[in-house]
Amino acid sequence: MGKVTLFVTRHGKTMLNTTERVQGWADSPLTEAGVLVAEQLGRGLADTKFEALYTSDRGRTLETADIVMRHAGFELPVNQLKGLREFGFGKFEGEYNLFMWETVSKMHGFDSVEAFFEVHKHDAPRVMIDAVADMDETGMAENWDIFTERLLQSLDLICSEQREGNVLVICHGMVINILLSLLDPTRVDGPIENASVTKISYENGQYTVESANDMQYVERGVVKN
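Below you can see the structure in the form of structure tokens.
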């Protein structure tokens with residue numbers, strides 16, 4: 001088995017992203033800005049040869065994949081993996097992001113979201129994920145262990161199926177951030193940008209984060225007037 005390099009990218013910006021709503025298993029279409037950045041990513045990746053393409057099973061990643069391929073000038077079968085889905089927020093799906101964070105903060109005894117982050121600056125995602133799961137009466141929300149296990153299983157599956165070469169993986173912001181926290185916490189630095197590329201290589205049984213949240217491919221694909 002040779003070296004596998006995963007180009008892990010976040011989907012283009014969506015309607016729910018734009019309106020600051022919680023978007024996990026819930027879905028919404030790309031906005032004009034989301035389509036544009038996906039087009040730019042495609043053009044920026046035109047000189048990169050990919051052996052395979054994987055997405056989650058959410059429409060926003062499939063829409064992004066179609067746009068990227070058209071503008072990069074290649075066509076590959078789309079392998080949909082449920083394991084690449086965004087975190088399932090249960091009853092908070094579609095709520096305002098701020099409302100969810102305020103609710104989580106109050107659950108942990110904080111008067112404000114800012115106070116919560118002062119204490120949990122390094123483990124906020126884990127604390128939030130388990131809090132959402134604890135508060136979700138629907139039973140649809142995932143806890144930290146379930147979420148992280150399916151993400152790592154998805155990476156292992158992709159690398160076992162492809163074995164070498166470049167693989168394009170189109171998924172979600174929290175998915176990428178949590179993968180970074182699991183594989184190389186030093187790479188976690190704020191929100192993952194839409195259409196950014198995080199490179200993760202796999203060789204000799206080891207994952208290595210080569211770059212994170214990189215917008216250079218989008219910048220390459222910007223059409224100059």
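Residues in the sequence shown are numbered from 1 upward in steps of one, following this note's numbering.
Quick reminder that beta carbons are idealized off the backbone N, C-alpha and C, glycines included.
Residue environment, residue i, which counts as buried when at least 16 other CB atoms sit within 10 Å
i: H108; result: exposed
i: L41; result: buried
i: A115; result: exposed
i: T5; result: buried
i: L98; result: exposed
i: G190; result: exposed
i: T198; result: buried
Cβ neighbours of residue i in the same chain (closer than 7 Å, five flanking residues each side left out)
i: G34; result: G12, K13, T14, N194
i: M128; result: V104
i: N78; result: The displayed chain sequence assigns Val, not Asn, to residue 78. Result list for V78: L53, T55, L62, A65, in chain order.
i: E93; result: V22, G24, W25, A26
i: R31; result: Sequence inspection shows Thr at residue 31; the Arg mentioned does not correspond to that position. The answer, listed in chain order, is K13, T14, M15, T18.
i: V222; result: Q40
Residue from the options whose Cα sits closest to the Cα of residue i
i: Y217; options: E164, V8, G2; result: V8
i: Y96; options: K3, T18, Q206; result: T18
i: A26; options: V37, G90, L182, V175; result: G90
i: I146; options: F87, P125, L36; result: F87
i: V175; options: G190, L45, C159, T148; result: T148
i: K224; options: S28, R43, T198; result: R43
i: I158; options: H122, P191, Y207; result: Y207
i: S201; options: D156, G173, K121; result: D156
i: I67; options: A46, E51, R85; result: A46
i: R60; options: R85, N166, D134; result: R85
i: M135; options: I170, K106, G205; result: K106
Sequence-distant residues of its chain with Cβ nearer than 6 Å to residue i (five each side left out)
i: R187; result: L180, V209, A212
i: L16; result: Q23, S28
i: I192; result: R10, G173, I176, N177, N213
i: R220; result: G44
Beta carbon of residue i nearer than 9 Å to that of residue j
i: G2; j: E203; result: yes
i: L81; j: D57; result: yes
i: S196; j: D214; result: yes
i: G83; j: Q153; result: yes
i: L182; j: F50; result: no
i: V119; j: W101; result: no
i: H71; j: A38; result: yes
8 Å Cβ shell around residue i - same chain, five flanking residues per side excluded
i: L151; result: G83, L84, V175, I178, L179, L182
Ranges of the beta strand (DSSP E) found wholly within the segment 54-127, counting only runs of at least 3
78-80
4-residue-minimum alpha helix (DSSP H) runs that sit fully inside the segment 3-63, ordered along the chain
15-18, 32-44
Jot down the residue ranges of each uninterrupted beta strand (DSSP E) in the segment 159-192, minimum 3 residues, whole runs only, in chain order.
165-171
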